[in-house]
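This note's numbering numbers the first residue of the sequence shown as 31 and each following residue consecutively. Where a beta carbon is used, it is the ideal one built from N, C-alpha and C, also for glycine.
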Amino acid sequence: MNFFITFEGIEGCGKTTQLRLLTQQLRLLGRDVVTTREPGGCPIADAIRNILLDPGNHNLAARAELLLYAAARAQHIDEVIRPALRDGKMVLCDRFTDATIAYQGYGRGLDRELIASLNALASSGTMPDLTILLDMPAEEGLQRARSRNTTQTLEHEGRFEQESLEFHRRVRQGYLDLAQREKRILVIDAMGPPESVSERIFKALEPKLFTERCS
Ligand code: TMP
31 MNFFITFEGI EGCGKTTQLR LLTQQLRLLG RDVVTTREPG GCPIADAIRN ILLDPGNHNL
91 AARAELLLYA AARAQHIDEV IRPALRDGKM VLCDRFTDAT IAYQGYGRGL DRELIASLNA
151 LASSGTMPDL TILLDMPAEE GLQRARSRNT TQTLEHEGRF EQESLEFHRR VRQGYLDLAQ
211 REKRILVIDA MGPPESVSER IFKALEPKLF TERCS
């Protein structure tokens, strides 16, 4: 049966690694898993990603940024996420609508109700069954993200790593506020070795995955 899981968190929280580890575990259990990410996941959305994350675009207006995330999402939903769910697959997505509330709402200070409406337009009713929020202090995540970008030559995607610590603290707070309101969001402590975090995720997910919809 189809199931839609999103991974969220501040920069450097380890979501990409955890998404990969969970995918391996689920495939070993015989699940048909599609992995994807936002912004991106298909050629048009990947082209928008390049604009959004290019550190050279430091003068991108906050409203333009918001609309570009929404545009990339609309394309990604139509081209990748909804078809996969329709085919009965599990979709694991690195970031989704919560990121727009946390970054453009709490981080940039744009109107959160407006963002919620745009999110609804872009996703046209497709929402995650579950969201894993990997939580850690902003200082820790930012330090990890900056050193990762240097060692993996990801500087071309570093526009958000250039933001202040205060910005990233607001983003974290945004995610935690969302988690208080939305039952689908599981907050996981992202500190410690990746294997321990992976165990925490699997433990938290197991009852939901195997008793609610996928059994
Ligand atoms: P990534 O580094 O996890 O691939 O995410 C790309 C960046 O885009 C990250 O800094 C968070 C940011 N972002 C937003 O600001 N709003 C959004 O809606 C999404 C999906 C990502």
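Would you grab the beta carbon distance between T36 and T156 for me? Rounded to a whole angstrom, and I think it's under 8 angstroms. Not confirmed; about 11 angstroms, so no contact.
Using a Cβ-Cβ cutoff of less than 8 angstroms, which residues in the same chain neighbour I131 once the five nearest sequence positions on both sides are dropped? R142, I145, A146, N149, G204, L208
In whole angstroms, what is the alpha-carbon distance linking A175 and R67? Straight-line Cα distance between these residues: approximately 17 angstroms.
Determine, using beta carbons only, whether A92 and L140 come nearer to each other than 8 angstroms. yes
Could you give the uninterrupted runs of the beta strand (DSSP E) lying entirely in the region 150–183, keeping only those of 3 residues or more? 160–165
Between the region 118–125 and the region 80–96, can you find at least three pairs of beta-carbon atoms closer than 8 angstroms? In this structure the region 80–96 does not touch the region 118–125; the number of beta carbon pairs closer than 8 angstroms is below three.
At 3 residues or longer, what runs of the beta strand (DSSP E) sit wholly inside the region 86–114? none
Sequence-distant residues of its chain with Cβ nearer than 7 angstroms to G44 (five each side left out): L164, A220, P224, V227
Let me make sure I understand the geometry here. Which of G222, D159, G70 has the alpha-carbon closest to that of G42? G222
List the residues that DSSP assigns as beta-bridge partners of F33. M120
Sequence-distant residues of the same chain with beta carbon closer than 8 angstroms to I81, five excluded per side: N87, L90, L98
DSSP on I218, reduced to helix/strand/coil? strand
For H106 versus A77, is the C-beta spacing smaller than 8 angstroms? no
T130 CB to nearest heavy atom of the ligand TMP below 7 angstroms: Yes; taking the cut-off as 7 angstroms, the Cβ of T130 has a heavy atom of the ligand TMP nearer than that.
Unbroken beta strand (DSSP E) run spanning R67, endpoints: Per DSSP, the continuous beta strand (DSSP E) segment holding R67 begins and ends at 63–67.
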